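Peer 1:
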Amino acid sequence: MQILYVKYVRVHVCVGGASRETGLISARKICREFNLTPSVVCNLWKQFQDTGSIERKPGQGRPRATTATEDRYLSIIAMRNRDATAFQLSRDLYAATGTRVSRVTVSKRLHETGLFARRPAVCVPLTSTNRRVRLA
Numbered sequence: 001m002q003i004l005y006v007k008y009v010r011v012h013v014c015v016g017g018a019s020r021e022t023g024l025i026s027a028r029k030i031c032r033e034f035n036l037t038p039s040v041v042c043n044l045w046k047q048f049q050d051t052g053s054i055e056r057k058p059g060q061g062r063p064r065a066t067t068a069t070e071d072r073y074l075s076i077i078a079m080r081n082r083d084a085t086a087f088q089l090s091r092d093l094y095a096a097t098g099t100r101v102s103r104v105t106v107s108k109r110l111h112e113t114g115l116f117a118r119r120p121a122v123c124v125p126l127t128s129t130n131r132r133v134r135l136a
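Quick note on numbering: UniProt numbering labels position 62 of the sequence shown as 62, and the sequence is numbered without any gaps.
Okay, structure coming up:
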């Protein structure tokens, strides 16, 4: 949905790919209609006048602490050393690349690659007979 503003606001509603103009609506009515505060409508109007759209600018937010290569390195050393903690992995990353990250960042990066912290199951080892039966 795109909202264009003048003294009164012209609203375009997109439904299923087709847009239709709903007519001129006051900013106050838009606030009530979409449950927005007047400052939001005012800021969107200013942004539309400056940029011509109300899309978010790319690159907003805090930059990532690690690169894609460092993320890949973290997942590789985590798979090689399954007993390593996130703190140990962050120290390994610092030693290898010089990038200092927290243990929370390490766990987030490992979660993104599908690795989660799990304790190994404690079980009785299989006997050779049971192993043969299981593999047969």
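All residues carry an ideal CB built from backbone N, CA and C; glycine is no exception.
Being a predicted model, the structure only gives us computed values, none of them experimental.
So, do the segment 36–49 and the segment 76–96 have three or more beta carbon pairs nearer to each other than 8 Å?
Peer 2: no
Peer 1: Going by alpha carbons, who is nearest to Thr67 out of Arg28, Arg100, Val124?
Peer 2: In the sequence shown, counting from the first residue as 1, residue 67 sits at position 67. Residue Arg100 is the option with its Cα nearest to Thr67.
Peer 1: According to DSSP, is Glu33 part of a helix, a strand, or is it coil?
Peer 2: On the sequence shown, residue 33 is found 33 positions in, with the first residue counted as 1. Three-state DSSP puts Glu33 in a helix.
Peer 1: Should Arg32 go down as buried or exposed, given a rule of 16 or more other Cβ atoms within 10 Å for buried?
Peer 2: Indexing the sequence shown from 1 puts residue 32 at position 32. That one is exposed.
Peer 1: Just verifying my parser: in three-state terms, what is the DSSP assignment at Leu115?
Peer 2: Working through the sequence shown from its first residue, we reach residue 115 at position 115. Three-state result, Leu115: coil.
Peer 1: Determine the burial state of Arg28: buried for a count of at least 16 other Cβ atoms within 10 Å of its Cβ, exposed for fewer.
Peer 2: Translated into positions along the sequence shown, residue 28 becomes position 28. It is exposed - the Cβ of Arg28 has fewer than 16 other Cβ atoms within 10 Å.
Peer 1: Hey, could you find the ends of the alpha helix (DSSP H) Cys42 is sitting in?
Peer 2: Within the sequence shown, residue 42 is the residue found at index 42, counting from 1. 38–51 is the extent of the alpha helix (DSSP H) around Cys42.
Peer 1: Leaving out five residues before and five after Ala95 in sequence, what residues of the same chain have Cβ atoms less than 8 Å from its Cβ?
Peer 2: Numbered from its first residue, the sequence shown carries residue 95 at position 95. Excluding sequence neighbours, Ala95 sits near nothing in its chain.
Peer 1: Can you give the beta carbon distance from Arg118 to Asp71, rounded, assuming they're within the 8 Å contact cut?
Peer 2: Position 118 of the sequence shown, counted from the first residue, corresponds to residue 118. Position 71 of the sequence shown, counted from the first residue, corresponds to residue 71. Contact flag wrong, Cβ pair sits at about 20 Å.
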